[in-house]
Every structure is written in C-alpha cells, then in structure tokens.
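Worksheet: one structure, shown below.
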Amino acid sequence: MAEVEPHEGVQDLEKKIEETRQRFNNELLQDSTEKYDPRDVERLQTDDSLVEGYLTWRIYNVDDALKMIDESLHWRKEYGVNDINESTIPRWMFETGAVYLHGYDKEGNKLFWFKVKLHVKDAKTVIDKKKYIAFWLERYAKKEPGMPLTVVFDMTDSGLSNVDMEFVKYIINCFKVYYPKFLSKMIIVDMPWILNAAWKIVKSWLGPEAISKLRFASKSEVHTYIGPEYLPPHMGGTDSFKYSYPPLPDDDFQTPICDNGPIVSDDERESKEGDLDVKDALESSFTSDVVVKPKKVNFLEQSLRSEDNDKGDASARTKGARKPLTTFKGSLLDVSPAEELSFGSGETEKKSLIILNNVVKNQVAFKVRTTAPDKYRVKPSSSCCEPGASVDIVVSLHGGSQASPQDRFLIMAAEMENAGSQDLSQFWKEVPKTKIMEHRLRCHVLESAKPAIKPFKDNPMETMPSEQQELNIAFLSHQLMRVAACTSQLEQKLNNTLWLQKVLIVLVVVLVMLNLLCLHLLGTAQRPS
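Going from the sequence shown to this note's numbering is simple: count from 1 and add 18.
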C-alpha cells in the first residue's frame, strides 16, 4: 500500500474543517441565531484549531462534531462563559481552595486539582459552582491555548457527603463536550472503598475517549504520573505550596523570584537600569542567580550575550536548529511552532527554531522569556520585526542541560505605532498590558534512540588469563552435563510414575467391574427357581 503524503492529510483536514463550518452555517446557525454567543460563532469561523479540536475528539466524524459544537456553544451562551471573570464569582469559592491550577505532571501537562473533602453538596450554590469550574477552564484556555490538562481528584479524607454526582457529571461533560482535547488524563487518588459504587456510575458516563484517560491511584502509585516536586506532603511529595487567596495561584507569569528571596517586578528592575552596561550586568546577574522554584511558573527575560548580536551570520546561527512544522495565528505575529519546542539528548537535538512573522502594518517589538533561564540561550531574546518580515529565534540548551516537559517559554509582542528611534526598554515600560500579545510554548522531550546492546565492560572473563578461561569453560561444561543427566533421570522417573498411575487406574476399573459381576451373579443365584 502506498504511503499517504503528509500534505494530503493536511488537505483532508482542511476539507473537513470547511465542511464542518458550512454545515454549521446551513444547519445550525440559520435556525437559531439567538442560541449562541456571536463571539463564539466568530471564533468557530476563524479559528481552525478550535474546529480541529471538535473533529479530533469525534474521530473526524462531522455529524458527531456538529452535535458537540451545538451543545458546547449553547452551554457557553447559557452560562455566559465569555463574560465570566474573577469578580463574577463569589469570593468564598476562591477562598475554600477546593479547586485550583498548580504544577505539572511528568508529561508537562498542567495539574487541575479538586480537593473533594472541601466540597459539600448544596443545591443553592450549584450554578455558581459550575460557573466557577468554567472560570478556571476558560482562564487556562486563554493563557495556554491547545495545552491539555491533567485533572487530579484528591479523595483524601473524603466520604459520601462530599460526593455530588450531578456536579461530577458536569465536570466530566466539561472535558467530554465543552472543551475538546483538553483532557490529558484524570487521576483519582486515594479513593475510599465506600465510594467504589459511585465511581462505577461515573465510569458509565464517560465516553470511550475519556475512559482510556481515567487512572485510579493510591498515594504511592500517583508518583507514576506526577513528580514529588508537584505533590503535597500527604501524598509523599515535597511541594510546600499552600493555596491561599488572593491572588490566584500562577496568576503572575512574569515575576522573577531571586535567590535571596525578595520579589522584583519588571518595572522595578527596569527602573533601576541605567546605561547599557549596567543593564547587561543586571541581566547576567539575574540569569545566573534565578532559582526556578517548582511551585511557581515565573517567566524571566533571557539575557543576550554580546557575541550573539545582530552582526552574527543568521544562517550560521540557525544551522542545526530544529525547524517548526506548525503555526499559531496571532493578532500581531504568527508564531511557529504553535505549541511545542522539541529537544533531545543528541548533539543535533539541542537547538530549536522559533519563527515570528509580522502580520500588521507597523513594527512589532517582541521579547522571549522562559521558566528555566539557566538552561536555555535565546538569540535574539528581544528585538523588533518589520511589517511583512520574519525573525528567526534560536533556542538552544546551555552546556549539559536537559530539557524538561515542565519548561515553558513566553513570547510577548506589542505593536510600535510610532517606531522611529524609540528605545525598546522605554517602550516596554510604557506599553499598556492590554496591547501586549502573549503566546506560550512548552518543551517536548524527544525520545532518544535505544543504544545497541553491548557486552558488559566489566565482564570478569575478559580480564582473565586464557588458561584460566579454558579451565572455567571446562568446569561450566561439566556442570551443564551433570544438570542435563539429572534432568534426564527425573524425566524417566516421571514417565515411570505416570505409567504406574495408568496401570493402577486400569486395575481399579477391572476390580470394580468384577465386583459388579459378582453382585449380579449372587443376585441371580438367590432368586427362587
């Protein structure tokens, strides 16, 4: 069978996306224009990745994808998802700490924690609770589009009073219908035996896609999926994170935490910068001193070393870097790759390329930040992109560092309407946050090729004299012959035993038949003639 070319698969997907949109317009939108939020309809018409998510989750069946889209968009309108924000949710819900985002699993997926013991069934608050879940999911979808979540149900110290089956069904529907491709896996940790029956019901609600993502784990087994640095002490982890509100956990992605403890914001750091030499010294200091603590995701701007300035040859700089295959369509810049930078352990796998393409009429300033500044070098980390032009950014592992799925990169971009001789550092201080485009990339660690099996280096036979080796070989051969002889004898004895068993069985059968015959003869003799 001939192999399908990659571009043919892309064309088929594009046709499916177009077919889905046309049928949505013809079959769903015309008859129920008030059923959906216009903002969601616009996203569906313009965001290919959104439609692809529905198609992928429904195995590219357009009919099933349309049903899912209809249900999802109707839910978004009913609950006002586009207008949900921190101020529309009752404060006490945030203060309980029953639900929050924090940490990553071993595959680099964000963890969505549910502390089941803190949930109490209450019909009066069920709508607010559902909006609360939607708030977290929508917030994450905007911050890290396309990135899946791992849901962790912490069942520690929970009981029947904490299990709200309707609410659980709603959470499942969020991942099954409303947020396609969002669920990486669902881990149920330390579930009490008394709740087994309840979870059997829950499993019946899950589709085949979600069933395959369900994991039941004890406190020791959960380490298979999540490293100790992101597990609380009661699960055998080392994460000292304790939920508190305000602020929301992982809310500030840009505040660097220095080694000596105090938190320094970007504005404070930039206000202390004088001339270029002082700025370079500070950036070098930050790069060497920052410790990325596991309980926070903090982006720190990379420093550019002088030898990697614009005078370098761009083609030489990008040589050997892994080329991106996907593209995120942004409001100011198209970013390639769309979701992941790939790194491996081989010498040819330590560089990845980010390509930024300016899609607006003005210059666009950009800068790149990372959660692991000690591991990566970004060249260039801050510059401008002319209208219609593109910029190649090389991200390389520094020294012997290894990439991790938990590593993240943040690309920040802002349009420079009056470029001229405007200073970049001054521009970033003055630009409103509402005008900054942000896009996040995570790291994908390539699996290294399995090395060929080699003989043990410390094999004692290799270091022995030849005469000693011959004696050892002769001794081993003799022992093998003895083992073979013993095996043969045992086999013969076994066969003899089996033969005797067969003879005994035959004799027993014969004796039984003789007894029966005797009884028959005695009975005949005793009858009256």
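Just so you know, even glycine gets a beta-carbon here, dropped at the ideal spot from N, CA and C.
Run of the beta strand (DSSP E) containing residue i, from where it starts to where it stops
{"i": "Met209", "result": "Per DSSP, Met209 belongs to no beta strand (DSSP E) and is neither H nor E."}
{"i": "Tyr118", "result": "Val117 to Tyr122"}
{"i": "Asp172", "result": "Leu167 to Asp172"}
{"i": "Lys369", "result": "Lys369 to Asn376"}
Element boundaries [alpha helix (DSSP H), containing residue i]
{"i": "His92", "result": "Val80 to Tyr97"}
{"i": "Ala431", "result": "Run containing Ala431: none in the alpha helix (DSSP H); it sits in the beta strand (DSSP E), Arg426 to Met434."}
{"i": "Lys187", "result": "Met183 to Asn191"}
{"i": "Ser360", "result": "First-last for Ser360: Glu358 to Phe361, but that is the beta strand (DSSP E), not the alpha helix (DSSP H)."}
{"i": "Phe445", "result": "Leu442 to Glu448"}
{"i": "Ile348", "result": "Note that residue 348 corresponds to Gly in the displayed sequence, not to Ile. Segment: none, Gly348 is in no alpha helix (DSSP H) and carries neither H nor E."}
{"i": "Glu70", "result": "Asp66 to Trp75"}
Residue i, DSSP secondary structure in three states
{"i": "His416", "result": "coil"}
{"i": "Tyr6", "result": "The first residue shown for the chain is 19 and the last is 547, placing residue 6 beyond what the model contains."}
{"i": "Met531", "result": "helix"}
{"i": "His455", "result": "Just to set this straight, residue 455 is Met in the shown sequence, not His. Strand at Met455."}
{"i": "Gln381", "result": "strand"}
{"i": "Phe112", "result": "helix"}
{"i": "Arg157", "result": "helix"}
{"i": "Val353", "result": "strand"}
{"i": "Glu200", "result": "For clarity, residue 200 is Phe in the given sequence; the question names Glu instead. Residue state, collapsed to three classes: coil."}
{"i": "Asp392", "result": "coil"}
{"i": "Ala407", "result": "coil"}
{"i": "Lys221", "result": "helix"}
{"i": "Leu136", "result": "helix"}
{"i": "Lys260", "result": "coil"}
{"i": "Lys231", "result": "coil"}
{"i": "Arg39", "result": "helix"}
{"i": "Leu539", "result": "helix"}
{"i": "Ser179", "result": "helix"}
{"i": "Ser401", "result": "strand"}
{"i": "Lys341", "result": "coil"}
{"i": "Leu129", "result": "strand"}
{"i": "Thr273", "result": "Here the model assigns Thr273 a pLDDT of 29, short of 50, so the residue's position is not dependable, and the following value carries that caveat. Coil at Thr273, not helix or strand."}
Expected contact under 8 Å - CB spacing of residue i and residue j to nearest Å
{"i": "Met430", "j": "Asn380", "result": "Rounded, the Cβ-Cβ distance is 16 Å, inconsistent with contact."}
{"i": "Phe346", "j": "Leu464", "result": "With a Cβ gap of about 21 Å, Phe346 and Leu464 do not count as contacting."}
{"i": "Trp223", "j": "Lys199", "result": "That belief does not hold up - the Cβ atoms of Trp223 and Lys199 are roughly 19 Å apart, past 8 Å."}
{"i": "Ala383", "j": "Ala432", "result": "5 Å"}
{"i": "Thr389", "j": "Arg426", "result": "5 Å"}
{"i": "Leu201", "j": "Lys237", "result": "Incorrect: roughly 23 Å between the Cβ atoms, too far for contact."}
{"i": "Gly177", "j": "Pro210", "result": "7 Å"}
{"i": "Lys218", "j": "Asn180", "result": "Actually they do not touch by this definition, with Cβ atoms about 17 Å apart."}
{"i": "Ile87", "j": "Phe42", "result": "6 Å"}
{"i": "Lys385", "j": "Ser400", "result": "4 Å"}
Residue i classed as buried or exposed, judged by whether at least 16 other C-beta atoms fall within 10 angstroms
{"i": "Ala215", "result": "exposed"}
{"i": "Asp172", "result": "buried"}
{"i": "Cys461", "result": "buried"}
{"i": "Glu184", "result": "exposed"}
{"i": "Trp131", "result": "buried"}
{"i": "Glu156", "result": "buried"}
{"i": "Leu540", "result": "exposed"}
{"i": "Thr256", "result": "exposed"}
{"i": "Ile151", "result": "buried"}
{"i": "Cys536", "result": "exposed"}
{"i": "Lys160", "result": "exposed"}
{"i": "Asn477", "result": "Low per-residue confidence applies at Asn477: pLDDT is 48, beneath 50, and the placement is therefore not dependable enough to give any value."}
{"i": "Ala407", "result": "exposed"}
{"i": "Lys260", "result": "exposed"}
{"i": "Pro108", "result": "exposed"}
{"i": "Asp441", "result": "exposed"}
{"i": "Asp277", "result": "Its pLDDT being 34, under 50, Asp277 is placed unreliably by the model, and the measurement read from it follows with that caveat. So Asp277 counts as exposed."}
{"i": "Lys147", "result": "buried"}
{"i": "Asn162", "result": "Here residue 162 is Glu; the residue named in the question, Asn, does not match the sequence. Buried, by the Cβ-count rule."}
{"i": "Leu343", "result": "exposed"}
Residue i: CB within 8 Å of a non-hydrogen atom of the ligand PLP
{"i": "Phe384", "result": "The ligand PLP is not part of the structure shown, which contains no ligands of any sort."}
Would you call the stretch 346 to 354 in contact with the stretch 367 to 375, where contact means no fewer than 3 C-beta pairs closer than 8 Å? In short, these stretches touch, since the Cβ pair count reaches three.
Would you call the stretch 121 to 134 and the stretch 164 to 173 in contact, with 3 or more CB pairs under 8 Å? Counting Cβ pairs under 8 Å, three or more are found: they touch.
For the 8 Å Cβ check, are there 3 or more pairs between the stretch 234 to 251 and the stretch 112 to 125? Under the Cβ criterion (8 Å, minimum of three pairs), the stretch 234 to 251 counts as touching the stretch 112 to 125.
Quick test of the definition: if touching needs 3 or more C-beta pairs under 8 Å, does the stretch 67 to 74 touch the stretch 104 to 114? Verdict: no, contact absent.
Are the stretch 94 to 103 and the stretch 56 to 64 in contact at 8 Å, needing three or more beta carbon pairs? Touching, yes.
Would the stretch 411 to 424 count as touching the stretch 393 to 400 if we require 3 or more Cβ pairs under 8 Å? The stretch 411 to 424 makes contact with the stretch 393 to 400, as at least three CB pairs between them are under 8 Å.
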